[in-house]
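Q: Counting with the working numbering, you get residues 84 to 291 for the letters of the sequence shown. Note that beta-carbon positions come from the ideal geometry of N, C-alpha and C, so glycine has one too.
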Amino acid sequence: MVGSIFMPSHQSRATYSRRTLLRGMARGAALSFLSRSDLAKATDDPPVFENVRHQFTLLEPARILQPTKLVDLRGNEVDFHPEPGRVTLINLWATWCVACRTDLSALDNFSRQMGGQATVVAVCVDLSDGAQVTEFVQDLGIRHLRVLIDPSASLTQSRSSADALLPLYGMPITYLITPKGRIAGFIEGPSDWLSPEGHALINYYASL
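1. Rounded to whole angstroms, what is the Cα-Cα separation between Ala-177 and Pro-130?
2. Considering only residues of the stretch 142-201, which uninterrupted alpha helix (DSSP H) runs meet the minimum length of 4 residues and lie entirely inside it, listed in chain order?
3. Using 8 Å as the cut-off, can you tell me whether the stretch 255-270 makes contact with the stretch 171-187, which would need three or more C-beta pairs spanning the two stretches below that distance?
4. For Arg-195, which residues from the same chain have a beta carbon less than 8 Å from its beta carbon, with the 5 sequence-adjacent residues on both sides left out?
5. So what does Glu-280 bridge to, in DSSP terms?
6. Return the CA-CA distance between Leu-251 and Cys-183, expressed in angstroms with no decimal places.
7. Let's test the definition: count the other Cβ atoms within 10 Å of the Cβ of Gly-213 and tell me whether it reaches 16, buried, or not, exposed.
8. Do you know whose CA, among Gln-149, Ile-147, Gln-200, Arg-229, lies nearest Arg-157's CA?
9. Could you check if Pro-273 is buried or exposed, using at least 16 other CB atoms within 10 Å of its CB as the buried criterion?
10. For Ala-205, does the count of other Cβ atoms within 10 angstroms reach 16, so buried, or fall short, so exposed?
11. Does DSSP put Leu-238 in a helix, a strand or coil?
12. With DSSP collapsed to three states, give me the class of Gly-268.
13. Since Glu-218 sits in a beta bridge, which residues does DSSP pair it with?
14. Ignore the nearest five residues each way along the sequence and tell me which others in Thr-185's own chain have a CB closer than 8 Å to its CB.
15. Alpha carbons only, please: which of Gln-221, Lys-152, Ala-201 is nearest the one belonging to Tyr-288?
16. Ordered along the chain, which non-local residues of its own chain (more than five positions away) have a Cβ less than 8 Å from that of Asp-275?
17. May I ask you to report which of helix, strand or coil DSSP gives Tyr-287?
Here's what the structure looks like:
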């Protein structure tokens with residue numbers, strides 16, 4: 084597990100708000116010394132973002148995503164790390180995953196339209212052959228995503244005694260990395276980041 088998971092209720096946004104309120108009351112005294120703008124950022128929870136079956140799930144504490152060895156489509160090893168100062172979406176997918184096709188296409192469209200808002204990286208977790216992955220994404224018409232491969236599962240499996248950096252709770256799964264390189268949370272399944280809710284979530288983290 085990656086820290087503790089705060090998973091907002093799927094039952095209603097009212098439930099989520101009550102939970103947020105209780106948590107805010109408990110830490111209110113500790114935040115009393117902050118400025119008004121800092122206080123707002125410290126006490127506000129991210130906007131609700133969900134797809135048909137899942138909701139964006141916060142990871143607490145939000146750990147730093149350490150640089151990781153991945154492979155590009157030419158077979159070259161790269162030191163991957165989130166782009167500083169920008170929100171990064173890391174999509175973990177596999178060629179055998181039918182839902183991943185939908186998600187990759189949606190993320191490609193998002194990157195085409197909103198690439199200035201967030202960086203999107205698609206990491207294939209099931210193949211080490213760059214030629215096969217290239218053929219796969221070309222068949223899908225993917226042109227605007229940075230595609231990398233994780234043949235050694237360095238992102239998704241535990242290394243020694245440390246937990247996995249980005250566990251595969253489902254497939255596909257997209258992790259949101261803050262401009263400061265912290266793993267804020269994830270959402271499983273195909274998601275519409277071009278929706279108003281998707282924009283609001285990205286803008287929330289971009290403004291922190």
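A: Per the coordinate set shown:
1. Taking the first residue of the sequence shown as 1, we reach residue 177 at position 94. Taking the first residue of the sequence shown as 1, we reach residue 130 at position 47. If you draw a straight line from the Cα of Ala-177 to the Cα of Pro-130, it comes to about 29 Å.
2. Runs of the alpha helix (DSSP H) inside the stretch 142-201: 181-197.
3. Yes, they touch.
4. By one-based count along the sequence shown, residue 195 stands at place 112. Arg-226, His-227.
5. Counted from its first residue, the sequence shown places residue 280 at position 197. Paired residue(s): none; Glu-280 is not in a bridge.
6. Here residue 251 refers to the residue found at position 168 when the sequence shown is read from its first residue. Here residue 183 refers to the residue found at position 100 when the sequence shown is read from its first residue. Roughly 13 Å separates the two Cα atoms.
7. Along the sequence shown, read from residue 1 onward, the residue named residue 213 stands at position 130. Label assigned to Gly-213: buried.
8. As a working note, residue 157 is residue 74 in the sequence shown. Closest option to Arg-157, Cα to Cα, is Arg-229.
9. By one-based count along the sequence shown, residue 273 stands at place 190. Around the CB of Pro-273, 16 or more other CB atoms lie within 10 Å, so the residue is classed as buried.
10. The residue given as residue 205 occupies position 122 in the sequence shown. Around the Cβ of Ala-205, a 10 Å sphere holds 16 or more other Cβ atoms; the residue is buried.
11. Stepping through the sequence shown from its first residue, residue 238 is reached at position 155. In the three-state scheme derived from DSSP, where H, G and I count as helix and E and B as strand, Leu-238 is classed as coil.
12. By one-based count along the sequence shown, residue 268 stands at place 185. DSSP places Gly-268 in strand when its eight states are reduced to three.
13. Counting from one through the sequence shown, the residue named residue 218 turns up at place 135. DSSP lists no bridge partner for Glu-218.
14. Translated into positions along the sequence shown, residue 185 becomes position 102. So the qualifying residues of the chain are Pro-273.
15. The residue you call residue 288 lines up with position 205 of the sequence shown. Here the closest residue by C-alpha is Ala-201.
16. In the sequence shown, counting from the first residue as 1, residue 275 sits at position 192. Annotation for Asp-275: Asn-134, Ala-189, Gly-281 place their beta carbon closer than 8 Å to its own, counting only its chain and skipping 5 residues before and after.
17. In the sequence shown, counting from the first residue as 1, residue 287 sits at position 204. Looking at Tyr-287 - three-state DSSP - the assignment turns out to be helix.
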